[in-house]
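Whatever position you read off the sequence shown (first residue = 1), add 239 for the working numbering.
Quick notes on the structure that follows.
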Amino acid sequence: YNSKKRVIANLGIPKEMFYMLGIDVLYVEQLSVLTATSTISQNREIIGKARTLVPSSTYCTFHQACLGVIESGYFPLPDVFVAPSFICEETVTLNTYLAKKYNKPVFYVDCPHSTDADAEMYLAEELHRLTLDLADYFKIKLDKERIRKTMHYTNEARKWWLKFLDLRSTINSRKFFTINIHTI
């Protein structure tokens, strides 16, 4: 998270979108994991700091950790906040609060909750708009080759992930251990 182009978002936005633009992204969920794995005193400081702030009472632990990490100065402020309405709407509230407090822009992504073709097209348009907004804000020229490579690697990762899931389902359907209950 040392780049001059930093964003905080949540896992509702694919990392590939930021990668193809050369932007570092830190997810709210990652900040929560970092808080959970920090020392007990750091963990208490981070969550304690968040709980002293007015909006934190409405946030889950993920968002309290994100708020506490930022307010405690453990990570540099992002240049931009991205607030997708998916996985939860609290990210919209948190990122709007932080963006306003620190005078940073926030880009919203409205994620539909249905999965029909219209919803997919709508989400594709939202992500396309976000890509253009981020490229414009950071003065990034879109590089077709980098986009192509990003999509290639993403599709390769998906292919291997599906193979892993298939292998795992095969393993789970077999009995690998036989327990002999008659041994005394």
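Just so you know, even glycine gets a beta-carbon here, dropped at the ideal spot from N, CA and C.
Following the DSSP letters along the chain, one finds residue 247 in no alpha helix (DSSP H) but inside the beta strand (DSSP E) bounded by residues 245 to 248.
Shown here, residue 336 sits in a helix according to DSSP, grouped into three states.
Straight across, the Cα-Cα distance linking residue 337 with residue 273 is about 19 Å.
Residue 265: member of the beta strand (DSSP E) spanning 263 to 266, first to last residue.
For residue 347, the enclosing beta strand (DSSP E) begins and ends at 345 to 348.
Taken atom to atom, the span from the alpha-carbon of residue 265 to that of residue 392 is near 20 Å.
Under the three-state reduction of DSSP output, residue 314 falls in the coil class, being neither helix nor strand. DSSP links residue 351 through a beta bridge to no other residue. Per DSSP, the unbroken alpha helix (DSSP H) holding residue 377 starts and ends at 356 to 377. In the structure shown, the three-state DSSP call for residue 301 is helix.
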